[in-house]
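Heads up, the thing below is written out as structure tokens.
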Amino acid sequence: MKKLLRIVMITFLILAVDLYGKLLVSQYILTPSQSKQENKIVKKKKQVNEDSSDTVLNMIGGDSENLLAKWGEPSRIEPSAYGYEWWVYNQDLTKYVQFGVAERKVVTAYVAGERVKVPPYYINEKYEEVYKKNPLSHEISLKRGKNSYQFELSDTEVMEQPLIPVEDGWAQLYFDHFTHELVGVRYMDDETLLRQRPYQLVYSGELLAEQPLTPDKMKQIENGNMQQIFDLTNIIRSRHKLPLLAWDQQTAEVAIGHSKDMKDNNYFSHDSPTLGTLGDRLQRGKVGFQLAGENIAAQHSDGIAAVQGWLNSEGHRKNVLNEQFTGLGVGVYDKFYTQNFIRK
């Protein structure tokens, strides 16, 4: 019998060091958050999704031709690090959805638009109501061939991003830690879940091999994550009745530089050992501003996960929801993420 191996995946906020956001007005905030939930074990099972003919979940497993017929041409097509391309539909932020397509098959999707159907749930639904419909678990098991896998969720993960078995796949539910409302749903088939490994994993057998990425492909993935982070940030602001942010390319170049600097020089901080503070970096990039703020994150699976981490950290959240900011530049390098907010 093969020995069980344990892999601890660092896909949530690096809580040891990244529990704060900074505003460049001498405000430094340190606010960790914790929650608890009872433990249960769930084996994968089929669930009937009501009114599934017109839902995002119904697209999973279908072909790209059917996706085009029902949703039309996407606004953008962007590669991911997991073998699929994101088809992004952002024409109307209240209907925002991304579909992941691999070899002409829909393998994953992410919904943030409050007018998109995700039955039996709905965007902005309270955690308590979701729990009544489907008790949430700390341990999720699945088999793939001769291989066995068990994802183990922490108390915080069960409260903020639980995993639920659905028809032909999985639903990862994203909750706002402070309002306890459902803010996003990610659907995945088995292979996509096992490639992303968003939770601690115990397994017997073999893991799916990581897919090598060329420098050019990695650059495209980074650019896609930047645009998705920008869209999702504005969705959050819109939901809180705040003005949308404008994309600022000069500020984005500064943010990209900081993410690259952190990766290349093996550190994680708002202050660069060589390039200084956010203010120093903005001035060097010739970005004029009256007010500026910065969020950083690392080792998230993608931009969606990074935004969710910022939303659920009080300091970062204050930057995202600061009504004084008017512009945003996003920088992604490998799995280092930077948001630079400004008011000029």
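Residue numbers for the sequence shown follow the numbering used here, so the first one is 24 and each next one is one higher.
All C-beta atoms in this analysis are idealised placements derived from N, C-alpha and C, irrespective of residue type, glycine included.
It should be emphasised that the depicted structure is a prediction, and the values quoted were computed from it without experimental measurement.
No residue range can be given for residue 236, since it is assigned to no beta strand (DSSP E) and is classified by DSSP as neither H nor E.
Contact annotation: residue 98 and residue 121 have beta-carbon atoms that are not nearer than 8 Å. The residues 165, 167, 192, 193, in chain order, have a CB closer than 8 Å to that of residue 213 in the same chain once the five nearest residues on each side in sequence are set aside. Look at the beta carbons and you see the stretch 226-233 not touching the stretch 298-317: under three pairs across the two are nearer than 8 Å.
Here the alpha carbons of residue 154 and residue 238 stand approximately 43 Å from one another. When the Cα atoms are used, residue 129 and residue 341 turn out to be separated by approximately 35 Å. One thing to note: residue 148 has its Cβ no nearer than 8 Å to the Cβ of residue 236. Straight-line measurement puts the Cα of residue 282 at about 10 Å from the Cα of residue 353. In summary, residue 207 is buried, with 16 or more beta-carbon neighbours lying within 10 Å of its beta-carbon over all protein chains present. Counting the other Cβ atoms within 10 Å of the Cβ of residue 347 gives fewer than 16, which makes it exposed. Beyond the five residues adjoining it in sequence on each side, residue 87 comes within less than 6 Å, by CB distance, of 124, 127 in the same chain, given in chain order. One Cα belongs to residue 203, the other to residue 150, and the distance between them is close to 5 Å. With a 10 Å radius around the Cβ and a threshold of 16 neighbouring Cβ atoms, residue 209 comes out buried. If you compare the alpha carbons of 79, 100, 152 with that of residue 132, the shortest gap goes to 79. In this structure, 226 is the residue among 157, 328, 226, 188 with its C-alpha nearest to the C-alpha of residue 169. In terms of Cα proximity to residue 245, the closest of 101, 84, 85, 93 is 101. The beta carbon of residue 157 sits closer than 7 Å to those of 187, all from its chain and outside the five residues before and after it, given in chain order. Judged by DSSP in its simplified three-state form, residue 139 adopts coil rather than helix or strand.
Put simply, the backbone Cα of residue 91 is about 22 Å away from that of residue 250. DSSP places residue 291 in the coil class of the three-state scheme, outside both helix and strand. Fully contained in the stretch 185-260 are the following alpha helix (DSSP H) runs of length 4 or more, in chain order: 213-219. For residue 131, the secondary structure class from DSSP, reduced to helix, strand or coil, is strand. Straight across, the Cα-Cα distance linking residue 277 with residue 253 is about 15 Å. Residue 267 counts as exposed, since fewer than 16 other beta carbons sit within 10 angstroms of its beta carbon.
Taking residue 310 as the centre and dropping the five residues before and after it, the same chain places the C-beta of 273, 274, 277, 365 closer than 7 Å to its C-beta, in chain order. Just measuring C-alpha positions, the residue of 136, 171, 159, 356 sitting nearest residue 288 is 356.
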